[in-house]
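Asker:
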Amino acid sequence: MIFEIGRIAVKIAGRDAGKKCVVIDILDNNLVLIDGQTRRRKCSIVHLEPLDKVIKIKKNASNKDVVSALKKEGIECKEKAAKEKKEKSERPKKQKKKKPEKEPKKSKAAKKKEKEPKKGSEEKKAAKKDTKDKKEPKKSKEKKAETKGKPASN
Amino acid sequence: MPKPGHRSRSLRRVFVRTPGGESRLHYRKKKPAKARCGSCGAVLKGVASERPYKMQNMPRSRKKPQRPYGGMLCSRCMRTVIIEKERV
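Same order as they appear, the protein sequences are chains R and D. Heads up, the first sequence is in the numbering used here, so the first residue is 1 and it goes up one at a time. Heads up, the second sequence is in the numbering used here, so the first residue is 1001 and it goes up one at a time.
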């Protein structure tokens, strides 16, 4: 097989076309895992042009090893920064914290607290509605007054 | 009869469906020619051919393919070019 582990190749297709890479792993009859100047990804054999060089590299070698091995051959490529998994770890923690907080509140407060805020909220809502109702007609009256006043003056 | 200025084919004709359900004939400016491959002459896919005012507002990735020689060569010719470079 031409595409053994450690074979240097050029990508011929896609946005990484023209960039050099090393075969790290053989996944299938047609699929290989590559890394180097290209992104680390699986790739079809049809999209690779093999070169005559083969390096010694372990199966599934890390990106650092690949970069250092390619430098010896005179192929420069950037190291890819490892992905930080901070976001993933934070999100589930927040959700877990919220759930236990709600449950003890209900048990401690019993029925009294549940009733009180509801009443208060209802009263507030009612008060808001009143204010809204009051405000709107006032404005409309004022506008009407203005509209009435204008033609009279004119 | 259309008016004399519209009897020539210097404007392209577009049928537009009106809100009332009718189809009316509209006259618009012609689109520029489609891009072709520099070596084999095939029509390039994925390259927009619009009037400049539309091309201005288009994102870069919709104007041409994001690979070396994108918008200049077709993908087959690009492959042969890259392979020839490596073999020499």
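C-beta atoms are modelled at their ideal positions from N, C-alpha and C, and glycine is treated no differently.
Spatial neighbours of lysine 1029 of chain D within its chain, please: CB distance less than 8 Å, with the 5 preceding and 5 following residues excluded, ordered by chain position.
Answerer: Indexing the second sequence from 1 puts residue 1029 of chain D at position 29. Result list for lysine 1029 of chain D: Leu1011, Arg1012, Arg1051, in chain order.
Asker: Terminal residues of the continuous beta strand (DSSP E) containing lysine 11 of chain R?
Answerer: Residue numbering aside, residue 11 of chain R sits at position 11 when the first sequence is read from its first letter. First-last of the beta strand (DSSP E) with lysine 11 of chain R: 7 to 11.
Asker: Quick one: does alanine 13 of chain R have its CB under 9 Å from some CB of chain D?
Answerer: In the first sequence, counting from the first residue as 1, residue 13 of chain R sits at position 13. Output row for alanine 13 of chain R: interface = yes.
Asker: Give the straight-line distance between the Cα atoms of methionine 1001 of chain D and proline 1019 of chain D, rounded to the nearest whole angstrom.
Answerer: As a working mapping, residue 1001 of chain D is identified with position 1 in the second sequence. As a working mapping, residue 1019 of chain D is identified with position 19 in the second sequence. Between methionine 1001 of chain D and proline 1019 of chain D, the alpha-carbon positions lie close to 24 Å from each other.
Asker: Three-state secondary structure (DSSP) at tyrosine 1027 of chain D?
Answerer: As a first step, residue 1027 of chain D must be located in the second sequence, where it is residue number 27. Strand at tyrosine 1027 of chain D.
Asker: Helix, strand or coil for lysine 42 of chain R per DSSP?
Answerer: Taking the first residue of the first sequence as position 1, residue 42 of chain R is located at position 42. It is a strand residue.
Asker: Distance, Cα to Cα, glycine 74 of chain R vs lysine 58 of chain R?
Answerer: Numbered from its first residue, the first sequence carries residue 74 of chain R at position 74. Numbered from its first residue, the first sequence carries residue 58 of chain R at position 58. Distance from the CA of glycine 74 of chain R to the CA of lysine 58 of chain R, rounded to the nearest whole angstrom, comes to 19 Å.
Asker: List, in order along the chain, the chain D residues whose C-beta lies closer than 9 Å to that of glutamate 49 of chain R?
Answerer: In the first sequence, residue 49 of chain R corresponds to position 49, counting from 1. By Cβ distance, chain D contributes Arg1079, Ile1082, Ile1083, Glu1086, Arg1087.
Asker: Listed in chain order, which residues of the segment 1064 to 1076 of chain D have Cβ atoms closer than 9 Å to some Cβ of chain R?
Answerer: Pro1065, Gln1066, Arg1067, Pro1068, Tyr1069, Gly1070, Ser1075
Asker: By the criterion of Cβ-Cβ separation under 7 Å, what are the contact partners of glycine 18 of chain R in chain D?
Answerer: Taking the first residue of the first sequence as position 1, residue 18 of chain R is located at position 18. Within 7 Å Cβ-Cβ: Pro1068, Ile1082.
Asker: Would the beta-carbon of cysteine 43 of chain R fall within 9 Å of that of lysine 78 of chain R?
Answerer: As a working mapping, residue 43 of chain R is identified with position 43 in the first sequence. As a working mapping, residue 78 of chain R is identified with position 78 in the first sequence. Their beta carbons are not under 9 Å apart, which means cysteine 43 of chain R does not touch lysine 78 of chain R by this criterion.
Asker: Reducing DSSP to helix, strand and coil, say where arginine 1062 of chain D ends up.
Answerer: Stepping through the second sequence from its first residue, residue 1062 of chain D is reached at position 62. Looking at arginine 1062 of chain D - three-state DSSP - the assignment turns out to be helix.
Asker: Determine whether the Cβ of valine 10 of chain R lies closer than 9 Å to any Cβ atom of chain D.
Answerer: In the first sequence, counting from the first residue as 1, residue 10 of chain R sits at position 10. Interface residue, yes.
Asker: Which residue marks the beginning of the beta strand (DSSP E) containing arginine 1013 of chain D, and which one marks its end?
Answerer: Here residue 1013 of chain D refers to the residue found at position 13 of the second sequence. Its beta strand (DSSP E) spans residues 1011 to 1017.
Asker: With distances taken between CB atoms, is the gap from glutamate 49 of chain R to alanine 9 of chain R smaller than 9 Å?
Answerer: Position 49 of the first sequence, counted from the start, is the residue given in the question as residue 49 of chain R. Position 9 of the first sequence, counted from the start, is the residue given in the question as residue 9 of chain R. Their beta carbons are under 9 Å apart, which means glutamate 49 of chain R touches alanine 9 of chain R by this criterion.
Asker: Could you give the distance in angstroms between the alpha-carbon of arginine 39 of chain R and the alpha-carbon of glycine 1046 of chain D?
Answerer: Residue 39 of chain R sits at position 39 when you count from the first residue of the first sequence. Residue 1046 of chain D sits at position 46 when you count from the first residue of the second sequence. Note on geometry: alpha-carbon atoms of arginine 39 of chain R and glycine 1046 of chain D lie some 23 Å from one another.
Asker: Considering leucine 31 of chain R, what are the terminal residues of the beta strand (DSSP E) in which it resides?
Answerer: The count along the first sequence starts at 1 and reaches residue 31 of chain R at position 31. Segment 31 to 36, the beta strand (DSSP E) holding leucine 31 of chain R.
Asker: Can you round the beta-carbon distance between serine 1049 of chain D and alanine 1033 of chain D to whole angstroms, since I take them to be within the 8 Å contact cut?
Answerer: The residue labelled residue 1049 of chain D in the question sits at position 49 within the second sequence. The residue labelled residue 1033 of chain D in the question sits at position 33 within the second sequence. 7 Å between Cβ atoms; contact.
Asker: Excluding the five sequence neighbours on either side, which residues of its own chain have a C-beta within less than 7 Å of the C-beta of asparagine 154 of chain R, listed in chain order?
Answerer: Position 154 of the first sequence, counted from the first residue, corresponds to residue 154 of chain R. Confidence at asparagine 154 of chain R is low in this model, with a pLDDT of 48, below 50, so the placement of that residue should be treated as unreliable; the coordinate-derived value is given next. No residues qualify anywhere along the chain.
Asker: Tell me the DSSP secondary structure of aspartate 16 of chain R in three-state form.
Answerer: Numbered from 1 along the first sequence, position 16 holds the residue referred to as residue 16 of chain R. Residue state, collapsed to three classes: coil.
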